[in-house]
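Structure first, then comments.
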Amino acid sequence: MMHILVLVLDLGGTFVFAISGAMVAVKYRLDAFGVLVLSFAAGNAGGITRDLLIGAIPPAAIEDWRYVVVSALAGTITFLWYPVTRRYSRDVLWLDAVGLAFFAVAGAEKALVHGIHPMMAALLGMLTGIGGGMLRDVLVSGIPTVLRTDLYALAALAGAGVVVGGHLLQVAPTMAAVAGGCVCLALRFMAIRRGWHLPSARSGHGAAPDNHDDGNGR
Amino acid sequence: MMHILVLVLDLGGTFVFAISGAMVAVKYRLDAFGVLVLSFAAGNAGGITRDLLIGAIPPAAIEDWRYVVVSALAGTITFLWYPVTRRYSRDVLWLDAVGLAFFAVAGAEKALVHGIHPMMAALLGMLTGIGGGMLRDVLVSGIPTVLRTDLYALAALAGAGVVVGGHLLQVAPTMAAVAGGCVCLALRFMAIRRGWHLPSARSGHGAAPDNHDDGNGR
Amino acid sequence: MMHILVLVLDLGGTFVFAISGAMVAVKYRLDAFGVLVLSFAAGNAGGITRDLLIGAIPPAAIEDWRYVVVSALAGTITFLWYPVTRRYSRDVLWLDAVGLAFFAVAGAEKALVHGIHPMMAALLGMLTGIGGGMLRDVLVSGIPTVLRTDLYALAALAGAGVVVGGHLLQVAPTMAAVAGGCVCLALRFMAIRRGWHLPSARSGHGAAPDNHDDGNGR
Numbered sequence: 000m001m002h003i004l005v006l007v008l009d010l011g012g013t014f015v016f017a018i019s020g021a022m023v024a025v026k027y028r029l030d031a032f033g034v035l036v037l038s039f040a041a042g043n044a045g046g047i048t049r050d051l052l053i054g055a056i057p058p059a060a061i062e063d064w065r066y067v068v069v070s071a072l073a074g075t076i077t078f079l080w081y082p083v084t085r086r087y088s089r090d091v092l093w094l095d096a097v098g099l100a101f102f103a104v105a106g107a108e109k110a111l112v113h114g115i116h117p118m119m120a121a122l123l124g125m126l127t128g129i130g131g132g133m134l135r136d137v138l139v140s141g142i143p144t145v146l147r148t149d150l151y152a153l154a155a156l157a158g159a160g161v162v163v164g165g166h167l168l169q170v171a172p173t174m175a176a177v178a179g180g181c182v183c184l185a186l187r188f189m190a191i192r193r194g195w196h197l198p199s200a201r202s203g204h205g206a207a208p209d210n211h212d213d214g215n216g217r
Numbered sequence: 000m001m002h003i004l005v006l007v008l009d010l011g012g013t014f015v016f017a018i019s020g021a022m023v024a025v026k027y028r029l030d031a032f033g034v035l036v037l038s039f040a041a042g043n044a045g046g047i048t049r050d051l052l053i054g055a056i057p058p059a060a061i062e063d064w065r066y067v068v069v070s071a072l073a074g075t076i077t078f079l080w081y082p083v084t085r086r087y088s089r090d091v092l093w094l095d096a097v098g099l100a101f102f103a104v105a106g107a108e109k110a111l112v113h114g115i116h117p118m119m120a121a122l123l124g125m126l127t128g129i130g131g132g133m134l135r136d137v138l139v140s141g142i143p144t145v146l147r148t149d150l151y152a153l154a155a156l157a158g159a160g161v162v163v164g165g166h167l168l169q170v171a172p173t174m175a176a177v178a179g180g181c182v183c184l185a186l187r188f189m190a191i192r193r194g195w196h197l198p199s200a201r202s203g204h205g206a207a208p209d210n211h212d213d214g215n216g217r
Numbered sequence: 000m001m002h003i004l005v006l007v008l009d010l011g012g013t014f015v016f017a018i019s020g021a022m023v024a025v026k027y028r029l030d031a032f033g034v035l036v037l038s039f040a041a042g043n044a045g046g047i048t049r050d051l052l053i054g055a056i057p058p059a060a061i062e063d064w065r066y067v068v069v070s071a072l073a074g075t076i077t078f079l080w081y082p083v084t085r086r087y088s089r090d091v092l093w094l095d096a097v098g099l100a101f102f103a104v105a106g107a108e109k110a111l112v113h114g115i116h117p118m119m120a121a122l123l124g125m126l127t128g129i130g131g132g133m134l135r136d137v138l139v140s141g142i143p144t145v146l147r148t149d150l151y152a153l154a155a156l157a158g159a160g161v162v163v164g165g166h167l168l169q170v171a172p173t174m175a176a177v178a179g180g181c182v183c184l185a186l187r188f189m190a191i192r193r194g195w196h197l198p199s200a201r202s203g204h205g206a207a208p209d210n211h212d213d214g215n216g217r
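Protein chains in written order, with numbering that gives the first Met the number 0: chain A, 0 to 217; chain B, 0 to 217; chain C, 0 to 217.
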């Protein structure tokens with residue numbers, strides 16, 4: 000049961016994040032194959048890293064061919080209809096929030112199943128959510144937008160935290176997953192709509208602007 | 000037998016890729032030690048990642064000291080005779096294609112031996128081939144050229160795919176390895192000579208050029 | 000006993016490197032949460048990579064919640080009092096050398112305990128020392144300063160090498176650790192004070208300067 004829950008959330012998140020990877024790849028003029036590679040990286044790096052860290056080896060995305068197929072499908076769709084996909088990039092932003100919620104919840108759930116300490120399980124849920132986006136951005140040599148985008152990592156952590164909290168309070172996993180997903184989505188939605196964000200430090204000196212930040216995924 | 004085959008191909012590929020890593024390191028003015036580190040990274044990141052993902056832990060490049068020695072040798076040669084190495088950089092390009100073929104074949108073979116699903120074994124062969132070049136470029140903060148260079152990743156996948164096909168058809172591993180290597184080489188050679196390449200998407204907007212792409216390895 | 004030695008050195012190194020990660024994050028204007036993420040990455044990437052490579056899975060930094068707490072503490076302090084921290088950045092440089100010594104020694108020790116070949120154990124000690132700084136710099140898209148900073152990686156390797164040498168000569172681990180730490184510190188101190196550094200290759204062509212190098216940690 001929990002296994003199916005994790006699988007469905009994982010594949011859903013993979014699809015959405017693979018689209019975001021493909022869009023960045025097209026923007027940076029990678030060829031058709033590079034687009035597929037970046038789709039896979041963005042869609043699966045978070046889950047693969049989580050699986051390596053909790054000792055679920057080989058990782059699900061390597062053992063189960065469906066992850067590749069889903070990633071390739073998302074990459075192909077984006078590649079073939081990029082101008083169309085682009086026009087809906089605002090909607091992709093919402094989709095991305097849904098993917099983030101899926102991954103955060105699935106990541107925390109799987110870590111708990113593997114007997115990881117609750118606090119670390121919540122952090123692994125967050126990592127599952129932001130890992131793919133981080134690799135995507137590092138590969139095109141930008142600072143990961145997930146480290147700067149409003150409440151992005153925090154929303155993932157909050158969602159994962161709810162799952163872990165539910166586990167500690169012995170709530171049914173499906174309910175905790177739904178609640179965690181909603182918290183993550185709600186935070187991202189408020190951040191996108193209302194511009195909620197966290198403070199930066201008073202850095203006490205001039206800016207160190209990063210010319211590579213291209214706001215992908217924002 | 001298969002173990003020796005993988006070892007020879009792996010060490011050969013490591014040597015060639017370590018040279019490519021060292022050349023990039025020299026170009027970016029890393030010091031002698033940084034050159035050795037980048038040699039090791041470029042020569043072994045693909046194989047190490049493959050081993051982590053298939054559960055062959057510790058990875059061969061950590062368990063077996065020969066990988067480090069081969070990498071250090073390649074790095075030292077490149078460092079000491081950089082102007083010479085540079086003059087032959089066209090030949091290094093061909094060597095690099097040979098290394099790619101070695102790695103793609105060895106990677107697929109090893110994944111099969113570890114009982115990975117055939118489709119994933121082919122992809123792991125590709126990853127073994129392109130992983131080192133990707134880390135090399137990310138460390139000097141460029142977009143990985145392997146994601147843009149003509150047919151690079153695709154040639155690796157094709158070679159690995161032949162190995163996997165041979166496995167499914169129960170061809171002798173050595174023969175499948177030779178055939179796979181030849182396919183990979185042939186594709187890269189045509190790409191270099193004739194400029195074969197895959198299409199990019201119509202991105203529907205201006206370029207997002209990347210100033211860091213320095214065409215290393217091309 | 001050796002376990003406690005590794006733990007203390009690891010946590011100490013984590014704290015210091017987490018500060019360096021947080022300082023870079025603040026400089027690049029990440030928000031409060033991004034600062035914490037980069038603190039954790041800089042403080043733990045080296046140890047996590049080492050643990051994955053030697054098969055100590057889940058890695059200590061995932062299994063033991065103290066690593067996260069120490070990283071978060073360092074990140075929070077840096078974030079809240081950045082102008083103050085910044086004023087003492089020269090002292091942070093010395094602290095960083097101490098962290099490097101801690102990590103190099105702990106990394107080599109742990110690899111030996113896991114039965115890794117001595118030469119590879121020394122290299123894994125080095126990797127433990129420089130891994131966090133490398134990820135930190137890659138995430139803000141610079142060339143890792145650890146690959147260019149004077150004798151940085153070499154000092155780590157020397158310290159780790161002393162630990163391994165002590166192991167081979169059956170010296171008491173604590174003594175070998177102290178000696179190794181001193182060697183690493185001494186090399187870094189001389190490099191900082193006297194400008195000791197390794198030669199670069201005669202690259203035989205114009206510079207390929209990297210605009211992102213911001214000398215963090217120097």
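For each residue, glycine too, the CB sits at the ideal point set by N, CA and C. These numbers were taken from a predicted model, which means no experiment stands behind them.
Applying a beta-carbon distance threshold of less than 8 Å, which residues of chain C neighbour P198(A)?
The answer, in chain order, is D30, A31.
Only counting the same chain, and skipping five residues up and downstream in sequence, which positions put a Cβ closer than 8 Å to that of M119(C)?
A110
Keeping to the same chain, check which residues put their C-beta closer than 7 Å to that of V5(A); ignore five residues upstream and five downstream.
A105, E108, K109
Answer with yes or no whether the minimum CB distance from P58(B) to chain A is below 8 Å.
no
Less than 7 Å between C-beta atoms, sequence neighbours within five positions excluded: which residues of the same chain meet that for H2(C)?
Around H2(C): no qualifying Cβ.
For the stretch 84-156 of chain A, which segments carrying the alpha helix (DSSP H) assignment without a break, of at least 4 residues, lie completely within its bounds, in sequence order?
The stretch 84-156 of chain A contains these whole alpha helix (DSSP H) runs: 88-112, 117-138.
Does the Cβ of G136(B) have 16 or more other Cβ atoms within 10 Å, making it buried, or fewer, making it exposed?
The sequence given here places Asp at residue 136(B); Gly does not occur at that position. The residue in question, D136(B), is buried, as its Cβ has 16 or more Cβ neighbours within 10 Å.
The alpha helix (DSSP H) with V182(A) in it runs from where to where?
172-193
Identify every residue that forms a DSSP beta bridge with D30(A).
S199(B)
Helix, strand or coil for L72(C), going by three-state DSSP, please let me know.
helix
In the structure shown, what three-state DSSP assignment does I47(B) receive?
In this structure, I47(B) counts as helix in the three-state DSSP scheme.
Report yes or no: is there a C-beta of chain A within less than 8 Å of the C-beta of A178(B)?
no
Using only CA atoms, which one of I142(A), A175(A), P172(A), L184(A) lies nearest to Y151(A)?
Nearest C-alpha to Y151(A) among I142(A), A175(A), P172(A), L184(A): L184(A).
Could you confirm whether any beta carbon from chain B is found closer than 8 Å to the beta carbon of I218(C)?
Lying outside 0 to 217, the shown extent of chain C, residue 218(C) is not represented and no answer is given.
Do you know offhand how far W195(A)'s Cα is from L10(C)'s?
34 Å
With distances taken from CA atoms, which of A17(C), P198(C), R192(C) is nearest R89(C)?
R192(C)
Between the Cα of V97(B) and the Cα atoms of P198(B), S199(B), L197(B), S19(B), which residue gives the shortest distance?
S19(B)
Do you know how far the Cα of V182(C) is from the Cα of F102(C)?
13 Å
So, is L168(A) buried or exposed, given that buried needs 16 or more other C-beta atoms within 10 angstroms?
exposed
Can you give me the Cβ contacts of G128(C) inside the same chain, cut-off strictly under 7 Å, excluding the 5 residues immediately before and after it?
G45, L99, F102, A103, G106, A155
Compare the C-alpha of A176(B) against each of L79(B), M189(B), A159(B) and name the closest.
A159(B)
To be precise: take each residue of the stretch 130-150 of chain A, compare its Cβ to all Cβ atoms of chain B, and keep it if any distance is under 9 Å. Which residues remain?
V137, L138, V139, S140
In chain order, what residues of the same chain lie with their CB nearer than 7 Å to the CB of N43(C), ignoring the 5 residues before and after it?
T13, A60, Y66, S70, G131
Look up G54(B) in the DSSP assignment and say whether it is helix, strand or coil.
In the structure shown, G54(B) adopts coil according to DSSP, grouped into three states.
Among the candidates D149(A), H113(A), H166(A), V163(A), whose CA atom is the shortest distance from the CA of A31(C)?
That would be D149(A), whose Cα lies nearest to the Cα of A31(C).
Would you mind telling me which residues of chain B sit closer than 7 Å to I76(C), beta carbon to beta carbon, in chain order?
Residues of chain B passing the Cβ test: none, with the nearest at roughly 29 Å.
Spell out whether any CB of chain A is found under 8 Å from the CB atom of I18(C).
no
Establish whether the CB of R217(C) and some CB of chain A are separated by less than 8 Å.
With a pLDDT of 33 at R217(C), under the threshold of 50, the modelled position of this residue cannot be trusted; read the value that follows with caution. Output row for R217(C): interface = no.
Give the interface partners of L122(C) over in chain B, defined as CB-CB distance under 7 Å, in chain order.
Chain B residues near L122(C): V67.
Quick one: what's got a C-beta closer than 7 Å to M133(B)'s C-beta in the same chain, skipping five residues either side?
P143, V145
Counting only beta-carbon separations shorter than 8 Å, does H166(C) have a partner in chain B?
no
Any beta-carbon of chain C closer than 8 Å to the one on H2(A)?
Chain C, which has no Cβ nearer than 8 Å to the Cβ of H2(A), makes this no.
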